[in-house]
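Each remark here refers to the structure printed beneath this line.
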Amino acid sequence: MYTKQLCVFIENRKGRLAEVTRLLAEHKINIRAMSLADMPDLGVLRLIVDDRVRCLQALRDHGFAVQEADVIAVEIQDEPGGLHRIIEVFDRDNVNIEYMYTFFRKNVDTAIVVLKIDNAAQAAETMRKNAISILPEDAIQNL
Numbered sequence: 036m037y038t039k040q041l042c043v044f045i046e047n048r049k050g051r052l053a054e055v056t057r058l059l060a061e062h063k064i065n066i067r068a069m070s071l072a073d074m075p076d077l078g079v080l081r082l083i084v085d086d087r088v089r090c091l092q093a094l095r096d097h098g099f100a101v102q103e104a105d106v107i108a109v110e111i112q113d114e115p116g117g118l119h120r121i122i123e124v125f126d127r128d129n130v131n132i133e134y135m136y137t138f139f140r141k142n143v144d145t146a147i148v149v150l151k152i153d154n155a156a157q158a159a160e161t162m163r164k165n166a167i168s169i170l171p172e173d174a175i176q177n178l
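Residue numbers (our numbering): 36 to 178.
So this is what it looks like as C-alpha cells:
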C-alpha cells in the first residue's frame, strides 16, 4: 500500500542542495518525485527515487541525515478538478492530509499525487470505498 519516501535533512545554506543532487547523479540514482520545504536553519528534501536502498546508503555514507517515511501515491486525471475529486473524498471521511506533492508526465493525461496521511487504516478504507487505486512503490520507481 505504501511507497517509501526519503526525507533528507539539509542545512539551509548555499550549495547544500547541489551536494545532494551531485551525489545522486554520481551514483546514477534517478529522482522520480521531490519536494523541498524550508525552515530558517534546515530544509527537508523529500524524495522518491528509482533505487531507494542504494540512495539511502549513499546519502548516509556522505553524512546526510535521512529518514524513511510511508506515503501513498495515487493517479489522478490531469484536468481541472482532478485533484479536487481525491481531496474531497478524504475531506468527506475526515482523513487528514499532512502534506502532499504532485508530479506530471509528458504525453500522459494523468498525474501522480503523493500524500502523507496521518491515519493509514482510515485512509485505506476511504480509498477502498471510493475505488481509488494506490500505486505500488515499484510502479513509481519505474516511471
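Each residue gets a CB set at the ideal place from its N, CA and C atoms; glycine is no exception.
Inter-residue Cα distance where the pair is residue i and residue j
i: residue 41; j: residue 146; result: 20 Å
i: residue 80; j: residue 140; result: 21 Å
i: residue 46; j: residue 66; result: 20 Å
i: residue 70; j: residue 94; result: 17 Å
i: residue 76; j: residue 58; result: 22 Å
Beta-carbon separation (whole angstroms), residue i vs residue j, contact threshold 8 Å
i: residue 148; j: residue 161; result: 14 Å between Cβ atoms; not a contact.
i: residue 107; j: residue 38; result: 7 Å
Bounding residues of the alpha helix (DSSP H) (the contiguous stretch that carries residue i)
i: residue 39; result: Taken as a continuous stretch (DSSP letters only), residue 39 belongs to no alpha helix (DSSP H), being part of the beta strand (DSSP E) at 38 to 46.
i: residue 130; result: From DSSP, residue 130 is part of no alpha helix (DSSP H); its letter is neither H nor E.
i: residue 150; result: First-last for residue 150: 145 to 152, but that is the beta strand (DSSP E), not the alpha helix (DSSP H).
Proximity winner among the options, relative to residue i (alpha-carbon distances)
i: residue 50; options: 78, 83, 174; result: 78
i: residue 82; options: 158, 102, 48; result: 102
i: residue 128; options: 114, 155, 143; result: 155
i: residue 74; options: 88, 131, 152, 48; result: 48
Residue range of the beta strand (DSSP E) that includes residue i
i: residue 155; result: From DSSP, residue 155 is part of no beta strand (DSSP E) but of the alpha helix (DSSP H) over 155 to 164.
Neighbour flag for residue i against chain D, beta carbons, 8 Å
i: residue 170; result: The structure shown has no chain D; it contains just one protein chain.
key: the region 160 to 178 / the region 122 to 131 touching (three or more Cβ pairs under 8 Å)   = Taking one beta carbon from each stretch, the region 160 to 178 and the region 122 to 131 have 3 or more pairs nearer than 8 Å; the two touch.
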